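Protein chains in written order, with the working numbering: chain U, 1 to 355; chain R, 356 to 710. Read the structure below first, then the notes.
There are 2 protein chains.
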Amino acid sequence: MSTRQVGIKDVAAAAGVSIATVSQVLNNVAYARVGAETRDRVHQAARRLGYGPNRLAQALRTRRSDVIGVICEDMATAPNSGLVILGSVEAAKVRGYTIMIINAPGTGPDGSGDAGVATLMDRQVDGILYAAKGRRRLRVPAGLVGLPAVLVDAEDVGHSVSSVIPDEEGGARTAVQTLIDAGHTRIGMITSTDDVPEAHSRLLAFKDTLVDAGLEFRAELVQSEPSTDAAGGYRAALRLMQRDRRPTAVFCFNDLMAMGLYRAAAELGVSIPDELSVVGFDNQELIAGNLHPALTTVSLPHYEMGARAVEILIDAIEGNTGPGPLTALPAVLPCTLVARDSVAPPSGQAVTPWA
Amino acid sequence: MSTRQVGIKDVAAAAGVSIATVSQVLNNVAYARVGAETRDRVHQAARRLGYGPNRLAQALRTRRSDVIGVICEDMATAPNSGLVILGSVEAAKVRGYTIMIINAPGTGPDGSGDAGVATLMDRQVDGILYAAKGRRRLRVPAGLVGLPAVLVDAEDVGHSVSSVIPDEEGGARTAVQTLIDAGHTRIGMITSTDDVPEAHSRLLAFKDTLVDAGLEFRAELVQSEPSTDAAGGYRAALRLMQRDRRPTAVFCFNDLMAMGLYRAAAELGVSIPDELSVVGFDNQELIAGNLHPALTTVSLPHYEMGARAVEILIDAIEGNTGPGPLTALPAVLPCTLVARDSVAPPSGQAVTPWA
DNA sequence: ATGAAAGCGCTAACAG
DNA sequence: CTGTTAGCGCTTTCAT
Chain U
1 MSTRQVGIKD
11 VAAAAGVSIA
21 TVSQVLNNVA
31 YARVGAETRD
41 RVHQAARRLG
51 YGPNRLAQAL
61 RTRRSDVIGV
71 ICEDMATAPN
81 SGLVILGSVE
91 AAKVRGYTIM
101 IINAPGTGPD
111 GSGDAGVATL
121 MDRQVDGILY
131 AAKGRRRLRV
141 PAGLVGLPAV
151 LVDAEDVGHS
161 VSSVIPDEEG
171 GARTAVQTLI
181 DAGHTRIGMI
191 TSTDDVPEAH
201 SRLLAFKDTL
211 VDAGLEFRAE
221 LVQSEPSTDA
231 AGGYRAALRL
241 MQRDRRPTAV
251 FCFNDLMAMG
261 LYRAAAELGV
271 SIPDELSVVG
281 FDNQELIAGN
291 LHPALTTVSL
301 PHYEMGARAV
311 EILIDAIEGN
321 TGPGPLTALP
331 AVLPCTLVAR
341 DSVAPPSGQA
351 VTPWA
Chain R
356 MSTRQVGIKD
366 VAAAAGVSIA
376 TVSQVLNNVA
386 YARVGAETRD
396 RVHQAARRLG
406 YGPNRLAQAL
416 RTRRSDVIGV
426 ICEDMATAPN
436 SGLVILGSVE
446 AAKVRGYTIM
456 IINAPGTGPD
466 GSGDAGVATL
476 MDRQVDGILY
486 AAKGRRRLRV
496 PAGLVGLPAV
506 LVDAEDVGHS
516 VSSVIPDEEG
526 GARTAVQTLI
536 DAGHTRIGMI
546 TSTDDVPEAH
556 SRLLAFKDTL
566 VDAGLEFRAE
576 LVQSEPSTDA
586 AGGYRAALRL
596 MQRDRRPTAV
606 FCFNDLMAMG
616 LYRAAAELGV
626 SIPDELSVVG
636 FDNQELIAGN
646 LHPALTTVSL
656 PHYEMGARAV
666 EILIDAIEGN
676 TGPGPLTALP
686 AVLPCTLVAR
696 DSVAPPSGQA
706 VTPWA
């Protein structure tokens, strides 16, 4: 803003060539056959003047802005939305793109980013990433369909937009299997009474993993609560732990509920992990890393989803995606176990007097 | 991308006027005196065709992109960086701007966003927001000085960039005063041994608030630890609580340390808030809201800083800032108390046998 | 091997 | 009151 921004024509003047030539050498145009010595002059002039291309002008001309719009539902409220943004920002950078971001209130069953889509398209973004607030399926804003777009952490009900989702069920199986592998046979679960997809899939994975391991599923060992925070976890845990034969391990719907379980255990004088193993879900670093003992949990691939979505999007934009439609099957990314200190083999001693 | 984007000339054709007229009515140019009936035709045509201006073309022509670049140090790692982003996104939207965001590794004593500044300037952003990772002072990237820029959560050592910072000390005073107001006279503190500015300012505020209230500052009632997480808080708390006369209330350096204090209290059988009041700092919702009892704490104005910074920036860009230099005193935003359930009057009973 | 010229979609003087 | 014209900074055909 101080000294007027140097442009291609300044470079041209300094190098004693035409602006066309400057453009060609600076962009390494294949067909342009420019003398080696000329190239040098141009490059040097550019460097000397501190030339940087005006990406707006380039975009106007080439009809490619190299910017990706990100619509984030309830940014900063949704836990870890920061990570999907970071993933997309970094993946974009690698490919020479930049992220333009807007927020969308995540209310109602439908995606709410309609105005957002328009805003971003006016700004000529090359494609749009819609980061949903962890709902399974949603109806994407009408404006989205037809243009390069990918949905993160949700699938479009109309299957008209491709998406990147976590392998929820695999993650839950991993969690339960971790407990089984540690030697537990009497495993409980604390979960949500809400009719949300995660609740179903995690419960299902819990059952399946148990029976796959030849273990019995006992309905009385799963306790649910409407609120999936620490308070809910505490109440569910109390019910679970105050029965005749309590489990030696429990799988929690999320880290917050696990936090409630920790409190219940402390009050009942049962020690984690010696007398009770626990694994959570979500890997909320702040919680999982600061509970005592640190919570073993399953991590949702937030960063990876953001990054992957951007890659898919850019491939689509640049046409590297082959002739097939953008709308293939959703990319499903693994949820990995983050092992900390809350899992141990069951203690030798009987957990209850008569067991 | 399907049907070629409609442009100003399509509207002109549809309305039977020239593109200049369209531009003028759509932009409400003051001096342009266009017939009311013509205006209507234009507006209708525009609406009917679903016209949206190509903001890139506008920007190229007007030399104003209406986009603000945000450089975020360690986005998503820094706690609550999501909130400053959200604040800036929403404030920008109100003024018709959009946010373009990039990440910068927050290592070393200096701001690391040099490349980032260049990237953003190439994209013709109108100004830059540099969101630091909660360090007090830093040397901003050289490219920043001279252009519209504001620093969030830090001050430039060269005072060449204006900034928005939290009233750390005021927040700490509020925290301590809350305890005093509840009737406590024997108040402890758990803090960091690190030589970081927050540690100094919070400790100072602690002392000052005490003496201002006519209370005695006792060095033995402040316990520090190098690690400011729950583990550190636990260790410090143990030392603090196992003395002859323990405090009836404690002010914690942050919510994580408070979390450690909760554990220590539980183990020692002292009940919060009946026998011990506690107030934290940071308002990490996930922690503070899920501890039991919920933690009363002081909130850092992350969202507000982002929003305020954008407003300052836009004022500077649009020249509403008066003749004065952009680099005025830093804007300091209040840290407010978030009252939850961890503070109560001191219990009537003596805390120790002989007290 | 290099340059002239047209034009991306829009705004801002200025002319009618 | 409205239209013509000249660019913003760049890329890309097409001449030379």
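Don't be surprised by glycine CBs; every beta carbon is placed ideally from N, CA and C. Owing to the predicted nature of the structure, the values given are computational and were not obtained by experimental measurement.
If you look at PRO552 (chain R), you'll find it in the alpha helix (DSSP H) that goes 552–567.
Against chain R, a Cβ distance below 9 Å from HIS159 (chain U) picks out nothing, because the smallest value is about 18 Å. Listed as beta-bridge partners of VAL633 (chain R) by DSSP are R:VAL605.
For ALA375 (chain R), the uninterrupted alpha helix (DSSP H) run begins and ends at 374–382, by DSSP. Taking the Cα of PHE606 (chain R) as reference, the smallest distance to any Cα among R:ARG598, R:ASP599, R:GLN597, R:ALA591 is reached at R:ALA591. With the criterion set as a beta carbon lying under 8 Å from some beta carbon of chain R, the members of the region 38–71 of chain U are GLY52, PRO53, ASN54, ARG55, LEU56, ALA57, ALA59, LEU60, SER65, VAL67, in sequence order.
Within its own chain, the residues whose Cβ lies closer than 6 Å to the Cβ of PRO141 (chain U), once the five positions on either side in sequence are excluded, are GLY111, GLY113, ASP114, VAL117, listed in chain order. Listed in chain order, the positions of the region 97–123 of chain U with a beta carbon within less than 9 Å of a beta carbon of chain R are THR98, ILE99, MET100, ILE101, ILE102, ASN103, ALA118, THR119, LEU120, MET121, ASP122, ARG123. Residues of the region 287–300 of chain U whose Cβ lies closer than 8 Å to any Cβ of chain R, in chain order: ILE287, GLY289, ASN290, LEU291, HIS292. Per DSSP, the unbroken beta strand (DSSP E) holding VAL577 (chain R) starts and ends at 577–580. Under the three-state reduction of DSSP output, THR529 (chain R) falls in the helix class. By the CB criterion at 8 Å, LEU559 (chain R) and THR603 (chain R) fall outside the cutoff. The shortest C-alpha to C-alpha distance from VAL89 (chain U) to any of U:PRO334, U:ALA309, U:VAL11 is the one to U:ALA309. Listed in chain order, the non-local C-beta contacts of VAL505 (chain R) below 7 Å within the same chain comprise LEU484, VAL516, SER517, SER518, VAL519, ALA664, ILE667, LEU668, local neighbours out to five positions each way being set aside. Any Cβ of chain U closer than 8 Å to the Cβ of SER547 (chain R) would place that residue at the interface, and such an atom is absent. Interface annotation, VAL250 (chain U): not in contact with chain R, CB-CB separation never under 8 Å.
Between VAL278 (chain U) and chain R, the shortest Cβ-Cβ separation is not below 8 Å.
Comparing alpha-carbon positions, the option among U:LEU238, U:TYR31, U:ALA182 lying closest to ALA264 (chain U) turns out to be U:LEU238. One alpha carbon belongs to GLN58 (chain U), the other to LEU688 (chain R), and they sit about 40 Å apart. LEU333 (chain U): member of the beta strand (DSSP E) spanning 331–333, first to last residue. Minimum Cα-Cα distance from THR546 (chain R) among the listed residues R:GLU575, R:ASP567, R:ALA431 corresponds to R:GLU575.
In chain R, no part has a C-beta under 8 Å from the C-beta of LYS207 (chain U); the shortest such distance is about 28 Å. In this structure, DSSP gives ARG63 (chain U) a state outside helix and strand, which the three-state scheme calls coil. In the assembly as shown, PRO581 (chain R) is an exposed residue. Its beta-carbon has fewer than 16 other beta-carbons within 10 Å.
Close to VAL444 (chain R), with beta-carbon spacing below 9 Å, are these residues of chain U in chain order: CYS72, MET75, ILE101, ILE102, ASN103. As computed with DSSP, GLU73 (chain U) is found in a beta bridge with U:ALA104.
Per DSSP, LEU295 (chain U) lies in no beta strand (DSSP E) and is assigned neither H nor E.
In the structure shown, GLU659 (chain R) adopts helical secondary structure according to DSSP, grouped into three states. GLY587 (chain R) and MET614 (chain R) do not touch by the CB rule: their CB atoms are close to 10 Å apart, not below 8 Å. VAL84 (chain U) is a Cβ neighbour of VAL152 (chain U), given a cutoff of 8 Å. Taking 7 Å as the upper bound on Cβ-Cβ separation, chain U lies near residues ASP584, ALA585 of the region 576–587 of chain R. Fully contained in the region 79–159 of chain U are the following alpha helix (DSSP H) runs of length 4 or more, in chain order: 81–94, 114–122. Under the three-state reduction of DSSP output, VAL516 (chain R) falls in the coil class, being neither helix nor strand. Using a Cβ-Cβ distance cut-off of 8 Å, the region 631–649 of chain R and the region 444–453 of chain R are not in contact, since fewer than three pairs of beta carbons, one from each stretch, lie closer than that value. The beta carbon of VAL270 (chain U) is closer than 6 Å to those of LEU276 in its chain, skipping five residues each way along the sequence. In this structure, U:ASP167 is the residue among U:ASP167, U:GLN242, U:VAL145 with its C-alpha nearest to the C-alpha of SER201 (chain U).
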